[in-house]
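Colleague: Chains as they are written, first to last, in the numbering used here: chain A, 1 to 272; chain B, 1001 to 1145. Don't be surprised by glycine CBs; every beta carbon is placed ideally from N, CA and C. Quick caveat, the model's predicted, so the values are computed rather than measured.
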Amino acid sequence: MKKLYSPDNLKLLEALSFTPTLYAFDFDGTLSKIVRNPQDATIKTSTDALLRELASHAPVAVISGRSIADLKTHLKFIPPHIIGNHGLEGLRTRPDALDLAHKICIEWKQHLESHLSKEDFNSGVEIEDKSFSLAVHYRKCASKKKAKIDILNVAANLDPKPRIILGKCVVNFLPPGAPHKGVALVELMLQTGIKSAFYIGDDDTDEDVFSLPNARIFSVRVGKKGTSQAQFYIHEQNEIDRLLKTILRFYKSPKEKLESVVERKDVLHGRA
Amino acid sequence: MAAHRHPLKSVFHVSLLLHNLNKEAERRTGLSIVQWSLLKHVLEMPGTSAQELSEAVKLHPSTLSQSLKRLIRKELILVLEDPRDSRKKVISLTRNGKEALDQAERQMKEIAASLTRAEKELYFLEECLSSLRAHLSREPEGIPI
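1. Could you check the C-alpha separation between F18/A and K1120/B for me, to the nearest Å?
2. Excluding sequence positions up to five away, which residues of its chain have a Cβ less than 6 angstroms from the Cβ of L1132/B?
3. What separation, rounded to the nearest whole angstrom, lies between the Cα atoms of D204/A and K224/A?
4. For Q26/A, which residues from the same chain have a beta carbon less than 7 angstroms from its beta carbon, with the 5 sequence-adjacent residues on both sides left out?
5. Mind checking who Y199/A pairs with in its DSSP beta bridge?
6. Would a C-beta distance cut-off of 7 angstroms place G84/A and L71/A closer than the cut-off?
7. Since I1091/B and A1050/B are thought to touch, with beta carbons under 8 angstroms apart, how far apart are those beta carbons, to the nearest angstrom?
8. Determine which residues share a DSSP beta bridge with E126/A and list them.
9. My assumption, with CB atoms under 8 angstroms, is that S46/A sits in contact with D241/A. Please give the rounded CB distance.
10. F198/A CB to nearest chain B CB: under 7 angstroms?
11. Can you list, in chain order, the residues of its chain whose CB lies under 7 angstroms from that of I1111/B, leaving out five sequence neighbours each side?
12. Suppose you measure from the CA of V125/A to the CA of Q229/A; what does that come to, to the nearest Å?
13. Please classify Y233/A: does DSSP put it in a helix, a strand, or coil?
14. Relative to chain B, which residues along the region 169 to 199 of chain A have a C-beta separation below 9 angstroms, given in chain order?
15. Step through the CB atoms of chain B and report whether any lies within less than 7 angstroms of the CB of L12/A.
16. Return the first residue and the last residue of the beta strand (DSSP E) that E1110/B is part of.
17. Which same chain residues end up closer than 6 angstroms to K103/A when comparing Cβ atoms and leaving out the 5 residues on each side of it in sequence?
18. Using the rule of at least 16 other Cβ atoms within 10 Å of the residue's Cβ for burial, across every protein chain shown, is L258/A buried or exposed?
19. Contact criterion: CB-CB distance below 7 angstroms. Does K3/A meet it with respect to chain B?
20. So does the region 188 to 197 of chain A actually touch the region 164 to 176 of chain A, counting three or more Cβ pairs closer than 8 angstroms?
21. When the distance is taken between beta carbons, is E89/A closer than 7 angstroms to I106/A?
22. Indicate whether at least one CB of chain B lies closer than 7 angstroms to the CB of D208/A.
23. Buried or exposed for V220/A, please, with buried defined as at least 16 other CB atoms from any protein chain shown within 10 angstroms of its CB.
24. Do the CB positions of F250/A and Y23/A come within less than 7 angstroms of each other?
25. Does the distance from the CB of V170/A to the CB of A142/A come in under 7 angstroms?
26. Which residues share a DSSP beta bridge with R163/A?
27. Do the CB positions of D8/A and L1080/B come within less than 7 angstroms of each other?
28. Is any beta-carbon of chain B found at less than 7 angstroms from that of D8/A?
29. Which chain A residues are close to P1061/B, counting only those with a beta carbon under 9 angstroms from its beta carbon?
30. Suppose the cutoff is 7 angstroms on Cβ atoms and the five residues either side in sequence are ignored; what does the same chain contact list for L1122/B look like?
31. Going by DSSP in three states, H57/A sits in which element: helix, strand or coil?
32. Below 6 angstroms CB to CB, which residues in the same chain sit around K33/A once its five sequence neighbours on both sides are set aside?
33. List the endpoints of the continuous alpha helix (DSSP H) containing S1135/B.
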């Protein structure tokens, strides 16, 4: 894992702009800040404007663990490709597979509600029903470690066995056989016929993309983590605007770039 | 007349012609056909590995290595350590490389257009040379006792 902002690594990023490339973004912790209450997550106006501008140059996608319906309430600009529930929604998932996932989630939710203790719920454990998957949040709990153990203990008796993805203060429950974000990105590349992709995410759920053995996926993690399979990292979420601006600059012609540099020099020298 | 010529002499002449064609293309467009072809592949495969590129262009890794060195010298490609595995390298096009490709594009199209009438013959020649190469690369048969 290397720092993205080095002259050489930025040249690798620039090369993506020479060929059709799909730019895909995680939402929570990437396009928006992580907040105590997930429903309060918002995308900054500046980030939204930059994302919109990028979409005028290249295909853009948002791939999230949230449901599409929920995601749409948090995004101002709805990109052409929006994938929810870690890949269950927004791709060509068969309707019967979605029905089955929905039924399984109803049963899991009932089991979790009846088997997690009142103490857990009182301390801040929250079940988020995303129709085709569940997310059990424990960010608000004073003892996060205990809450996580309790959730996983109850999850051990779920039938059918869920695919569990641990996130930041959240345990995600996906129906068996459900895709993950890595499958979603590859499927999207196949659907769009685009062979090169950029992906940025901050969470363990994004490792499914980072660990893909595909040299044509340029991967960036928000936050450095030694065990991550991402190729590059940026330090924190508030660097997302800088990154979007960098990508956009690559799409502008060298002439425009030169003009903008000259203009900046003029401003610096009081000639504007 | 051509029927009396030793077939390997024709192969030799084809080889010479290709060499000269490459030189001429480089003189006119700044890129030889080999370089142009490699850059096209690198353009479409940003961050590719040498092995993947070698398979895509069907060039032997040692031949590819020589060609890549020339492109690096011309600052048309960038070869960096793979961020996930320091034993490996990743290859990408530079902006100079992209501009060189764009500039060469029109003239390469003209060269290609001049060959459209001979497409079948070229394909046939490629087949013949591939067969010859396959034949030569086969292990020699043992001498019967």
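Modeller: So, to answer that:
1. 32 angstroms
2. none
3. 12 angstroms
4. As written in the sequence, residue 26/A is Asp, which differs from the Gln given in the question. For D26/A, where only same-chain residues beyond five positions count, the Cβ hits under 7 angstroms are I63, S64, I200, G201, D202, D203 and D206.
5. A24/A and S219/A
6. yes
7. 7 angstroms
8. H137/A
9. 5 angstroms
10. no
11. A1025
12. 30 angstroms
13. strand
14. K195 and S196
15. yes
16. It is not in any beta strand (DSSP E) - E1110/B instead sits in the alpha helix (DSSP H) that spans R1095 to S1114.
17. none
18. Caution is warranted here: a pLDDT of 40 is assigned to L258/A, below 50, making its placement in the model unreliable, and the coordinate value is therefore given only provisionally. So L258/A ends up on the exposed side.
19. no
20. no
21. no
22. no
23. buried
24. no
25. no
26. L174/A
27. yes
28. yes
29. Those within 9 angstroms of P1061/B in chain A number zero; the least Cβ separation is about 16 angstroms.
30. L1115
31. coil
32. Q237
33. Rather than Ser, the amino acid found at residue 1135/B in this sequence is His. Its alpha helix (DSSP H) spans residues E1119 to S1137.
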